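Residue numbers (my numbering): 996 to 1207.
Below is one structure; the comments refer to it alone.
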């Protein structure tokens, strides 16, 4: 049992990170208090695994670890049942594309946002257009003639000509980046823009949920 828990630590961490991101968008006192308890249990589990590495014969510590593992799994299942259906299914496709490090960065990134519903209106349009234009130019420079056939430049130009960037357009930008990033994976600037855009897309799609 102990070996299983240790092997599942990364999986548990991923589930907690995803739920922590989603819980930032939930307005409900009971669920928030429940989440605080869940995070405390998770942190206990992390510390117990670390301590057990230095003291493998401590049976009391093993009992604590097993208890916290079972409690945490139960809490994670309950939260998934409570809140997953509140969110757009497309959101989870974006979240699933992030590794644990990026999920942690996203969690930190969105902590200082005070109003998720109006967040898109605070994203500078000209900055977004600059990111899209740079992506287009980089793709033109980098892609072979054969690869260029599979890219819809008209869609990119349509975005560049818009006066307003709404939710649908921003998600479209995210999809364009997601589709083409494989061609430019060595470009640091493009990767940073992609990270910012996918973070913003997740935040916009999540919105703010007032749960009764």
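Even for Gly, the Cβ is constructed at its ideal location relative to N, Cα and C.
The structure displayed is predicted, hence computed values, not measured ones.
Proximity to residue 1124 [Cα-Cα], best of 1177, 1104 and 1188: Within the chain shown, the letter at position 129 stands for residue 1124. If we check each option's Cα against that of residue 1124, 1188 comes out closest.
For the putative contact between residue 1021 and residue 1206, defined by C-beta atoms under 8 Å, what is the C-beta separation to the nearest angstrom? By 1-based counting over the chain shown, the position of residue 1021 is 26. By 1-based counting over the chain shown, the position of residue 1206 is 211. 6 Å between Cβ atoms; contact.
Residue nearest to residue 1148 in terms of C-alpha spacing, selected from 1141, 1134 and 1112: Numbered from 1 along the chain shown, position 153 holds the residue referred to as residue 1148. Considering only alpha carbons, the answer is 1134.
Would you mind working out which of 1030, 1003 and 1052 sits nearest residue 1041, comparing C-alpha positions? As a first step, residue 1041 must be located in the chain shown, where it is residue number 46. Minimum Cα distance to residue 1041 is reached at 1003.
Out of 1110, 1157 and 1008, which has the shortest C-alpha to C-alpha gap to residue 1204? Within the chain shown, numbered from 1, the residue matching residue 1204 stands at position 209. Nearest of 1110, 1157 and 1008 to residue 1204, Cα basis: 1110.
Measure from the alpha carbon of residue 1059 to the alpha carbon of each residue in 1183, 1145 and 996, then state which is nearest. As a position in the chain shown, residue 1059 is number 64, starting the count at 1. The candidate whose alpha carbon is nearest that of residue 1059 is 996.
Please list, in chain order, all residues of the same chain as residue 1083 whose beta carbon is under 7 Å from its beta carbon, the five residues on each side excluded. By 1-based counting over the chain shown, the position of residue 1083 is 88. 1200.
Please classify residue 1205: does DSSP put it in a helix, a strand, or coil? Within the chain shown, residue 1205 is the residue found at index 210, counting from 1. Reduced to three states, the DSSP call for residue 1205 is strand.
Relative to the C-alpha of residue 1044, which residue among 1033, 1035 and 1056 is closest? Your numbering for residue 1044 matches position 49 in the chain shown. Closest option to residue 1044, Cα to Cα, is 1056.
Helix, strand or coil: which one does DSSP assign to residue 1057? As a position in the chain shown, residue 1057 is number 62, starting the count at 1. DSSP, read as helix, strand or coil, puts residue 1057 in helix.
Residue 1094 to residue 1141, Cα distance in whole Å? Numbered from its first residue, the chain shown carries residue 1094 at position 99. Numbered from its first residue, the chain shown carries residue 1141 at position 146. Approximately 31 Å, taken between the alpha carbons.
Take residue 1153 as the anchor and find which of 1118, 1034, 1065 and 1165 has the nearest alpha-carbon. Looking up residue 1153 in the chain shown gives position 158. It is 1165.
Beta-carbon proximity of residue 1131 to residue 1155, cut-off 9 Å: Along the chain shown, read from residue 1 onward, the residue named residue 1131 stands at position 136. Along the chain shown, read from residue 1 onward, the residue named residue 1155 stands at position 160. For residue 1131 and residue 1155, yes; Cβs fall inside 9 Å.
With C-beta atoms as the reference, is residue 1159 less than 9 Å away from residue 1086? Start at 1 with the first residue of the chain shown, and residue 1159 comes out as number 164. Start at 1 with the first residue of the chain shown, and residue 1086 comes out as number 91. Residue 1159 places its beta carbon 9 Å or farther from that of residue 1086.
Take the Cβ of residue 999 as the centre, count every other Cβ of all protein chains shown within 10 Å, and call the residue buried at 16 or more, exposed below. Counted from its first residue, the chain shown places residue 999 at position 4. It is exposed - the Cβ of residue 999 has fewer than 16 other Cβ atoms within 10 Å.
For residue 1150, count the other beta carbons within 10 Å of its own beta carbon; 16 or more makes it buried, fewer makes it exposed. Which is it? Counted from its first residue, the chain shown places residue 1150 at position 155. Answer is exposed; the Cβ neighbour count stays below 16.
Span of the alpha helix (DSSP H) around residue 996: Taking the chain shown and counting its residues from 1, one reaches residue 996 at position 1. Note, residue 996: premise wrong, no alpha helix (DSSP H); not H, not E.
What separation, rounded to the nearest whole angstrom, lies between the Cα atoms of residue 1202 and residue 1162? The residue given as residue 1202 occupies position 207 in the chain shown. The residue given as residue 1162 occupies position 167 in the chain shown. Each residue's Cα considered, the two are about 11 Å apart.
Nearest CA to the CA of residue 1025: which residue from 1047, 1078 and 1068? Counting from one through the chain shown, the residue named residue 1025 turns up at place 30. Checked all of 1047, 1078 and 1068; the closest Cα to residue 1025 is 1078.
Would the region 1097-1114 count as touching the region 1011-1018 if we require 3 or more Cβ pairs under 8 Å? Yes: at least three Cβ pairs fall under 8 Å.
Quick one: grab the DSSP three-state call for residue 1022. As a first step, residue 1022 is located in the chain shown; it is residue number 27 there, counting from the start. DSSP places residue 1022 in strand when its eight states are reduced to three.
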